[in-house]
Amino acid sequence: SQTIHQWPATLVQPVGSPLSLECTVEGTSNPNLYWYRQAAGRGLQLLFYSVGIGQISSEVPQNLSASRPQDRQFILSSKKLLLSDSGFYLCAWTRLGAEAFFGQGTRLTVV
Amino acid sequence: TQLLEQSPQFLSIQEGENLTVYCNSSSVFSSLQWYRQEPGEGPVLLVTVVTGGEVKKLKRLTFQFGDARKDSSLHITAAQPGDTGLYLCAGAKNAGGTSYGKLTFGQGTILTVHP
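From first to last, the protein sequence lines stand for chains A and B. FYI, our numbering numbers position 72 of the first sequence as 72, with every residue one higher than the one before it. Position in the second sequence (first residue = 1) + 1000 = our numbering.
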């Protein structure tokens, strides 16, 4: 069966520090991978998606970047965090039916 | 921009009551999904509806996809405290092709069921 791992679960970072969130998927090959951000108790905003190694599409202009160095690895990064980058970040993968399977999420607080 | 309007945003009811959550759009979706999310965790898929007019039942939950595939509803019968959570609808434009499985999410409905 397929599983998705996302870490860390929580992170407190000072303004101006770098960021690296990692997501890996097991049990499937060539998945579509996504990074979403969620405001408290609200819907999800798509940040990045990837259909293959090295292929990244950005949905919204922002202070973040994404990379896919391996087929089942997706990384969300920032060189210098802003206060507005605080939020709940979710990694997800989909198969052909577009049904999404999410990681446990990372609560990022920029202080 | 494809928008999914989800209502109500908040719902607070007593155990045993029935409720309906709505998800509406002016766009046609190839499929529509419902997720449930608990605090601090990722959303979990409940159901996918694909065919216009389709009705799916999952125990006390009934999901319906509109005939024109622009809207959907989630009905819960005899709600229980364990149903408490954030419910999200999400539409997929095209499973293949250029949409790459990207989902458009509604704003969510926070359901609280009091014992």
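Glycine included, C-beta positions come from ideal geometry on N, C-alpha and C.
By how many angstroms is the C-alpha of residue j removed from the C-alpha of residue i?
{"i": "residue 3 (chain A)", "j": "residue 1017 (chain B)", "result": "35 Å"}
{"i": "residue 1078 (chain B)", "j": "residue 92 (chain A)", "result": "32 Å"}
{"i": "residue 1011 (chain B)", "j": "residue 43 (chain A)", "result": "16 Å"}
{"i": "residue 10 (chain A)", "j": "residue 89 (chain A)", "result": "10 Å"}
{"i": "residue 1092 (chain B)", "j": "residue 1105 (chain B)", "result": "9 Å"}
{"i": "residue 1070 (chain B)", "j": "residue 1042 (chain B)", "result": "25 Å"}
{"i": "residue 1063 (chain B)", "j": "residue 109 (chain A)", "result": "36 Å"}
{"i": "residue 66 (chain A)", "j": "residue 75 (chain A)", "result": "5 Å"}
{"i": "residue 63 (chain A)", "j": "residue 103 (chain A)", "result": "22 Å"}
{"i": "residue 82 (chain A)", "j": "residue 1038 (chain B)", "result": "27 Å"}
{"i": "residue 1081 (chain B)", "j": "residue 1014 (chain B)", "result": "8 Å"}
{"i": "residue 70 (chain A)", "j": "residue 48 (chain A)", "result": "16 Å"}
{"i": "residue 52 (chain A)", "j": "residue 1102 (chain B)", "result": "14 Å"}
{"i": "residue 1006 (chain B)", "j": "residue 77 (chain A)", "result": "31 Å"}
{"i": "residue 61 (chain A)", "j": "residue 46 (chain A)", "result": "11 Å"}
{"i": "residue 68 (chain A)", "j": "residue 57 (chain A)", "result": "11 Å"}
{"i": "residue 1112 (chain B)", "j": "residue 27 (chain A)", "result": "35 Å"}
{"i": "residue 18 (chain A)", "j": "residue 100 (chain A)", "result": "28 Å"}
Quickly, what does DSSP pair residue i with across the bridge? List them, please.
{"i": "residue 1105 (chain B)", "result": "B:1090"}
{"i": "residue 1049 (chain B)", "result": "B:1032"}
{"i": "residue 1038 (chain B)", "result": "Note: residue 1038 (chain B) sits in no beta bridge, so no partner."}
Hey, quick one: how far does the beta strand (DSSP E) through residue i stretch, first residue to last?
{"i": "residue 1074 (chain B)", "result": "1071 to 1076"}
{"i": "residue 61 (chain A)", "result": "Run containing residue 61 (chain A): none; DSSP gives neither H nor E here."}
{"i": "residue 1012 (chain B)", "result": "1010 to 1014"}
{"i": "residue 79 (chain A)", "result": "From DSSP, residue 79 (chain A) is part of no beta strand (DSSP E); its letter is neither H nor E."}
{"i": "residue 100 (chain A)", "result": "100 to 102"}
{"i": "residue 1055 (chain B)", "result": "1055 to 1058"}
Helix or strand or just coil, what does DSSP make of residue i?
{"i": "residue 84 (chain A)", "result": "helix"}
{"i": "residue 1082 (chain B)", "result": "helix"}
{"i": "residue 30 (chain A)", "result": "coil"}
{"i": "residue 54 (chain A)", "result": "coil"}
{"i": "residue 12 (chain A)", "result": "strand"}
{"i": "residue 1004 (chain B)", "result": "coil"}
{"i": "residue 1064 (chain B)", "result": "strand"}
{"i": "residue 22 (chain A)", "result": "strand"}
{"i": "residue 67 (chain A)", "result": "strand"}
Pop quiz: residue i and residue j are said to be a contact at Cβ under 8 Å. What is the actual Cβ separation, rounded to whole angstroms?
{"i": "residue 7 (chain A)", "j": "residue 22 (chain A)", "result": "6 Å"}
{"i": "residue 72 (chain A)", "j": "residue 106 (chain A)", "result": "So it is not a contact: roughly 18 Å between Cβ atoms."}
{"i": "residue 1109 (chain B)", "j": "residue 1021 (chain B)", "result": "5 Å"}
{"i": "residue 1074 (chain B)", "j": "residue 1061 (chain B)", "result": "6 Å"}
{"i": "residue 1031 (chain B)", "j": "residue 1048 (chain B)", "result": "6 Å"}
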